[in-house]
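Worksheet for the structure shown next.
In our numbering, the protein residues as written are 30 to 451.
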């Protein structure tokens, strides 16, 4: 049989069979991919497990307890006041004629120095009148004494003894006593007039500084009118308030022994300038606002006018100064930094196993720098001074070596994980 010259087209039924098999294979491949992806997502990642590394215990600063003679530092602020001041008044009436040339505010006047002078013309006349009255009384007394001598002679010539009462009258004894009394009265009036004349000049009763003139020249003054304000400059007081428990560390002055030494400083003074004082007394009344004890501190030569105080700062009335008191030492106390005392008056200790121990203590004094402990600690124990973020009793800690035992050039060690830097 003869083949055709050109091949014939494929049968339509065979082509349709190939088209149906392709989509089926694609669906099978997609389903297999989805199944593989789902299986991979359900499997945990293959991570290599390593042993857990424990964090080192926190590093803390410690202080070895060592009892010894310690004393607290007591500070306070006080105001400078005058120990003695006076408003000098005239004791006689008159016109204020003039102040003395040296009686100027801010000038120091010596005891007995004249301060002011009143018009004394009337007082001088009164003195002359009193002197005349005295002379008259003395003359009358002399005349009476002559009369008594004459009566005495007549009585003796009479030759007869009289009773005591009649004899006194005959001898003019009452008249003599009256004349003597008049002389005494006239002499007192003369002395009073002389004293008033002296008082016309106002004088300083003691060495001091003139604070203020209270009247002007030419003013009419009466007895008791104040003329000048005078302040004693030999010693000033400083009134300071302290808590009541601070008195146990201080010693007020007595007649036999001086009081606690006090150092005074002020921001208005040159750098490193200071003055010395002495605790004079403790006042009986508490301060009204804070109910604190009030103390008086005495400062000699407050204006630094003496040779030994040349160049020292001067205290002025009304100044506010800072006072540091020298306190008594005690041998049975333990001094700790203020940071070592925890809330509730307890201390954190590092025991022999390097574990944290919390212990209550009895504090007898505390300030911004240190605390003094009377009970709760023993010699040789280690007190933790570093802060801790989450302290727990029994937690493991590491003590930082002392500075002198650290390697040369080594600074402060970096804090361990979970530890706060001191």
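Where is the CB? At the ideal position from N, CA and C, for every residue including glycine.
- Taking the C-beta atoms as reference points, residue 352 is found nearer than 7 Å to residue 269.
- The count of Cβ pairs closer than 8 Å, one atom from the stretch 369-382 and one from the stretch 331-338, stays below three, leaving the stretches out of contact.
- Residue environment analysis places residue 58 among the exposed positions, since fewer than 16 neighbouring C-beta atoms fall within 10 angstroms of its C-beta.
- If you look at residue 399, you'll find it in the beta strand (DSSP E) that goes 399-404.
- Residue 238 is classed as buried because its beta carbon has at least 16 other beta carbons within 10 Å across all chains shown.
- In this structure, the straight-line span from the alpha carbon of residue 210 to that of residue 171 is close to 13 Å.
- Segment contact: the stretch 247-265 against the stretch 324-333, three or more CB-CB distances shorter than 8 Å; contact assigned.
- Excluding the 5 residues flanking it on each side, residue 230 has same chain C-beta neighbours closer than 7 Å at 143, 146, in chain order.
- Residues of the same chain with a CB within less than 6 Å of the CB of residue 312, apart from the 5 flanking positions on each side, are 323 in chain order.
- Around the beta carbon of residue 342, a 10 Å sphere encloses 16 or more other beta carbons of the protein chains shown; the residue is thus reported as buried.
- Note that the C-beta distance between residue 289 and residue 354 is below 7 Å.
- Burial is judged here by how many other beta carbons sit within 10 angstroms of a residue's own beta carbon; residue 101 has at least 16 and is buried.
- DSSP, read as helix, strand or coil, puts residue 305 in strand.
- Taking 7 Å as the cut-off, the beta carbon of residue 403 is found no closer than this to the beta carbon of residue 96.
- Taken through DSSP and simplified to helix, strand or coil, residue 186 comes out as helix.
- Per the coordinates, the alpha-carbon of residue 113 lies some 5 Å from the alpha-carbon of residue 261.
- The Cβ neighbour count for residue 55, taken over all protein chains shown within 10 Å, is under 16; the residue is labelled exposed.
- Under the three-pair Cβ rule at 8 Å, the stretch 128-142 does not count as touching the stretch 104-111.
- Scanning the stretch 304-364 from its first residue to its last, the whole beta strand (DSSP E) runs of 3-plus residues come out as 304-315, 322-329, 349-354.
- When secondary structure is reduced to three states using DSSP, residue 147 falls in the strand class.
- Around the beta carbon of residue 304, a 10 Å sphere encloses 16 or more other beta carbons of the protein chains shown; the residue is thus reported as buried.
- A straight-line Cα-Cα distance of about 35 Å links residue 88 and residue 104.
- Residue 389 sits in a strand when the DSSP states are folded into three classes.
- According to DSSP, residue pairing for residue 58 in a beta bridge does not occur.
- In this structure, the beta-carbon distance from residue 98 to residue 360 falls below 7 Å.
- The C-beta separation of residue 423 from residue 398 comes to about 31 Å, leaving the pair out of contact by the 8 Å criterion.
- In terms of Cα proximity to residue 246, the closest of 257, 94, 186, 219 is 257.
- For residue 327, the closest C-alpha among the options 122, 316, 344 is that of 344.
- Here residue 293 is not near residue 215, since their CB atoms are 7 Å or more apart.
- Separation of residue 357 and residue 406 (C-alpha to C-alpha, rounded to the nearest whole angstrom) is 22 Å.
- Contact between residue 119 and residue 254 holds: CB atoms are separated by about 5 Å, below the 8 Å threshold.
- Leaving aside the five residues that flank residue 386 on each side, the residues in its chain whose CB is nearer than 6 Å to its CB run, in chain order, 378, 380.
- DSSP places residue 157 in the helix class (H, G or I) of the three-state scheme.
- In the three-state DSSP reduction, residue 366 falls in the strand class (E or B).
- About 5 Å separates the Cβ atoms of residue 429 and residue 90, confirming a contact at the 8 Å cut-off.
- Note: residue 116 is bridge-paired with 258 in the DSSP secondary-structure output.
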